[in-house]
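Protein chains in written order, with the numbering used here: chain R, 13 to 232; chain W, 13 to 232.
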């Protein structure tokens, strides 16, 4: 019955106002997603992928993530940046900074990233995401080839020298507790797809390294 | 300083490998989203909009939401369906059916819908969403012209006659508690943008009514 209905509906695409118009509301079970990720990817001419930037505060994650997204967009790709600005003030505004809340924060970002990738979008996330298990959760739900872990490696000294919001100063004085790299751990990725070296590379070089990876791996 | 940096970077778009290559990691504050919703909408040639279907279980919300998304996609629009299949098992898998969890369920869907609309996508949601205040929350965060409330009006009799999962039977026997329409309230929308009448309209007619609204309001 379900198959027949799907066939009727497919038929109707080519004959609008045809037999479907006679189909009054009946006992339908028809909750399949008719448009698949592959269809959206074909429309967009790209592969939905999550580019997961991880690294210390002020390592340059957001800057590089934004620039990669912008560069790809200018070449006609649909991109989106998930970061503190649009996630912490909306979806995750009811989360604080307890260990449980931090884990839930990253879990929700992973799940939203998964939905964005399912929509066919090249999505970048720029969160410290200091714990391996949280990043591995994202890797697991996204699946092979859909998750690109990008470690923005920067020494504490580099980050402190930038420190645009004065957070390191506050962390060192104890005004901010449990600050990653100062008073809370950062677990470096063991096998990230890409390592960027913020101590020696320019922003431009970091961006280009990511673009090269995406090109070489046929993501763009 | 910030302005100068943005200018340098804009400049660099046209001269890749140029001055930006000399810009070593310094004290940057550059977290603006360089690509805006308007840019993405121009790329996609559409207006990011959240089509929020609401109505009783088995009223046909998912069917119509999927078919609208599918129809638009076939005309070249990027669409995405948020529904129980991809939300309850992922982002909202840690939520149950208590009043607080139901509210949080709809809140998260609203926020994710807002992100999708920001990405430029015509997004449909198909959840019972029985409470006005929850739907009004979505309306408020999406903003004027970005939220289209679609009330799929169906009598309990119509829904019971369909009842693909046998839920109404279980609700009446008490096996399922707090079932919307039987043992829990459904608050009808007061001023929805669209009302569909599942008792008298065919699926095809309902879909066409939504398409007509989108066309008339220049969303597509």
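Glycine included, each C-beta is placed from N, C-alpha and C at the ideal position. Keep in mind that this is a model prediction, so the values were computed, not measured.
- DSSP places residue 161(R) in the uninterrupted beta strand (DSSP E) bounded by 159-165.
- Looking at the DSSP output, residue 65(R) bridges to 138(R) and 162(R).
- For residue 114(R), same chain residues with a beta-carbon under 6 Å away, outside a window of 5 residues either side, do not exist.
- Beta-bridge annotation (DSSP): residue 207(W) is paired with 163(W).
- Using beta-carbon distances, residue 179(R) does not count as an interface residue toward chain W, since no partner is under 9 Å.
- Note that the C-beta distance between residue 208(W) and residue 139(W) is not below 9 Å.
- Taking a beta-carbon distance threshold of 9 Å, residue 98(R) counts as an interface residue toward chain W.
- If you draw a 10 Å sphere on the C-beta of residue 48(W), you find fewer than 16 other C-beta atoms in it, and that means exposed.
- Among the CB atoms of chain R, one or more fall inside 9 Å of the CB of residue 91(W).
- Closer than 9 Å at the C-beta level to chain R, one finds these residues of the segment 49-63 of chain W: 51, 52, 55 and 56.
- Under the Cβ distance rule, residue 117(R) does not count among the residues neighbouring chain W, no pair being separated by less than 9 Å.
- Among the residues facing chain W, residue 47(R) is included, as its CB has a counterpart in that chain under 9 Å away.
- Ranked by Cα distance from residue 222(R), the first of 84(R), 176(R), 46(R) and 188(R) is 84(R).
- DSSP places residue 95(R) inside the beta strand (DSSP E), whose first and last residues are 91-95.
- Look at residue 124(R): its C-beta is under 9 Å from a C-beta on chain W.
- At a cut-off of 9 Å between beta-carbon atoms, residue 106(R) makes contact with chain W.
- For residue 148(W), no CB of chain R lies under 9 Å from its own CB, so it is not counted at the interface with that chain.
- With respect to the C-alpha of residue 56(R), the residue from 132(R), 154(R), 71(R) and 211(R) having the closest C-alpha is 132(R).
- Looking only at 109(W), 136(W) and 54(W), the smallest Cα-Cα distance to residue 189(W) is reached by 109(W).
- In this structure, DSSP gives residue 70(R) a state outside helix and strand, which the three-state scheme calls coil.
- Residue environment analysis places residue 91(R) among the buried positions, since at least 16 neighbouring C-beta atoms fall within 10 angstroms of its C-beta.
- Residue environment: residue 61(W) is assigned as buried (16 or more neighbouring CB atoms within 10 Å of its CB, all protein chains considered).
- The segment 166-184 of chain R makes contact with the segment 203-217 of chain R: 3 or more CB pairs, one atom from each, lie closer than 8 Å.
- Secondary structure note for residue 231(W): it is in no alpha helix (DSSP H), with a DSSP letter that is neither H nor E.
- Within 8 Å of the CB of residue 102(R), the CB atoms of chain W belong to 123, 126, 127 and 153, in sequence order along the chain.
- By the Cβ rule, the segment 70-90 of chain W does not count as touching the segment 112-130 of chain W, because fewer than three pairs are nearer than 8 Å.
- Within its own chain, the residues whose Cβ lies closer than 8 Å to the Cβ of residue 200(R), once the five positions on either side in sequence are excluded, are 163 and 165, listed in chain order.
- For residue 85(R), the chain W residues whose C-beta falls within less than 9 Å of its own C-beta are 46, 47, 51, 52 and 55, listed in chain order.
- Residue 122(W) carries a helical assignment under DSSP once its states are collapsed to helix, strand and coil.
- A Cβ-Cβ contact shorter than 9 Å links residue 136(W) with residue 65(W).
- Proximity of chain R to residue 224(W) at the Cβ level (cut-off 7 Å) is not reached, the minimal Cβ distance being about 13 Å.
- Taking residue 50(W) as the centre and dropping the five residues before and after it, the same chain places no C-beta closer than 6 Å to its C-beta.
- The beta carbons of residue 134(W) and residue 89(W) sit about 6 Å from each other, so the pair counts as a contact at 8 Å.
- Residue 69(W) does not reach chain R, its nearest Cβ partner there being about 12 Å away, counting only Cβ pairs nearer than 9 Å.
- Here residue 155(W) is exposed. Its C-beta has fewer than 16 other C-beta atoms within 10 Å.
- Per DSSP, the continuous alpha helix (DSSP H) segment holding residue 150(W) begins and ends at 144-154.
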